[in-house]
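Student: Here it is, the structure, as structure tokens.
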Amino acid sequence: MTPTIPDNAPFSREQRSWLNGFLAGLYSVQEVNPATLGFAAPEPTAPAIPVTVLFGSQTGTAEGLAKKTVKQLNTNGFAAEAKALDAVDPADLAATAYLLIITSTYGDGEMPDNAQLFWDALADDGAPRLEQTTFSICALGDSSYPDFCQAGKALDTRLEALGAQRLHPRIDCDIDFEDPFSEWLDSVSEALAEPSGDGALALA
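Here the numbering used here is used: the first residue of the sequence shown is 3, the next is one more, and so on.
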């Protein structure tokens, strides 16, 4: 009940009216339980699933595709973030549930400049086991070179050897990469969104 100023209080009619209005407004801002008003309380929103998108890029193409990937995933309700491969310690991948890598191949089958340190650590005998990580790789290359998409192939093989599971098979893109990349991104997005029996994301 909202209190009111009694008629015998030492205030004029205008003062009592103002004070009653003030008290009514003061009490109206108290928190109200929606159930008492006949409305159901809103359901809590589930947190967005984080997806790590890493890129190895020599000329900027892989970086641009990584940003496009992040944009589409975030539009679909995920919490995706793009980083250069060398900005990540392979030890951190043990706590990464969903990992996407987009990388080009430089020179004669070598890693791009911003992926070499990551690869050296990943290829080391002390690299962490990654059984909790699910991944997919989009490799960029030029089929006129003998070691076509070698950087992506090497990362794919090493992640598998460390126990990571594939969300979607690796795709190897030639110079005309737009259509294969788009198909890969659509397939990966669908795989991430596929519900499993326990309400989590399905691991392909």
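For glycine and all other residues, C-beta sits at the position ideal for the given N, C-alpha and C.
Work out the CA separation of Leu67 and Gly201 for me, nearest whole Å.
Tutor: For the purposes of this step, residue 201 is identified with residue 199 of the sequence shown, where counting begins at 1. For the purposes of this step, residue 67 is identified with residue 65 of the sequence shown, where counting begins at 1. Confidence at Gly201 is low in this model, with a pLDDT of 32, below 50, so its placement is unreliable and no value can be given for it.
Student: Relative to the C-alpha of Leu164, which residue among Met113, Asp126, Gln74 is closest?
Tutor: By one-based count along the sequence shown, residue 164 stands at place 162. For the residues Met113, Asp126, Gln74, the minimum Cα distance to Leu164 belongs to Asp126.
Student: DSSP three-state label for Val90, please.
Tutor: The residue given as residue 90 occupies position 88 in the sequence shown. Val90 falls in the coil class under three-state DSSP.
Student: Roughly how many angstroms lie between the CA atoms of Ala11 and Trp20, to the nearest whole one?
Tutor: As a working note, residue 11 is residue 9 in the sequence shown. As a working note, residue 20 is residue 18 in the sequence shown. Distance between the alpha carbons of Ala11 and Trp20 is about 13 Å.
Student: If you drop the 5 nearest sequence neighbours on each side, which residues of the same chain put their C-beta closer than 6 Å to that of Ser14?
Tutor: Counted from its first residue, the sequence shown places residue 14 at position 12. Once the five neighbours on either side are set aside, Ser14 has no close Cβ partner at all.
Student: Beta-carbon separation of Pro114 and Ala153 under 8 Å?
Tutor: Locating residue 114 in the sequence shown gives position 112, where the first residue counts as 1. Locating residue 153 in the sequence shown gives position 151, where the first residue counts as 1. Going by C-beta atoms, Pro114 is nearer than 8 Å to Ala153.
Student: Could you check if Gln60 is buried or exposed, using at least 16 other CB atoms within 10 Å of its CB as the buried criterion?
Tutor: In the sequence shown, counting from the first residue as 1, residue 60 sits at position 58. So Gln60 counts as buried.
Student: Would you mind stating whether Thr105 and Ala117 have Cβ atoms separated by less than 8 Å?
Tutor: Here residue 105 is taken as the residue at index 103 of the sequence shown, counted from 1. Here residue 117 is taken as the residue at index 115 of the sequence shown, counted from 1. Cβ distance < 8 Å, so Thr105 and Ala117 count as in contact.
Student: Using C-beta distances below 6 Å, list every residue in its chain close to Gly111, excluding the 5 sequence neighbours before and after it, in chain order.
Tutor: Numbered from 1 along the sequence shown, position 109 holds the residue referred to as residue 111. By the criterion of a C-beta distance shorter than 6 Å, Gly111 is surrounded in its chain by Asp149, Gln152, once the five residues flanking it on both sides are discounted.
Student: Are the beta-carbon atoms belonging to Gly23 and Ala50 less than 8 Å from one another?
Tutor: Counting from one through the sequence shown, the residue named residue 23 turns up at place 21. Counting from one through the sequence shown, the residue named residue 50 turns up at place 48. Against a cut-off of 8 Å, the Cβ pair of Ala50 and Gly23 comes out as no contact.
Student: Buried or exposed: Asp188, going by 16 or more other Cβ atoms within 10 Å of its Cβ?
Tutor: Here the question's residue 188 lines up with position 186 in the sequence shown. With fewer than 16 Cβ atoms within 10 Å of its Cβ, Asp188 is classed as exposed.
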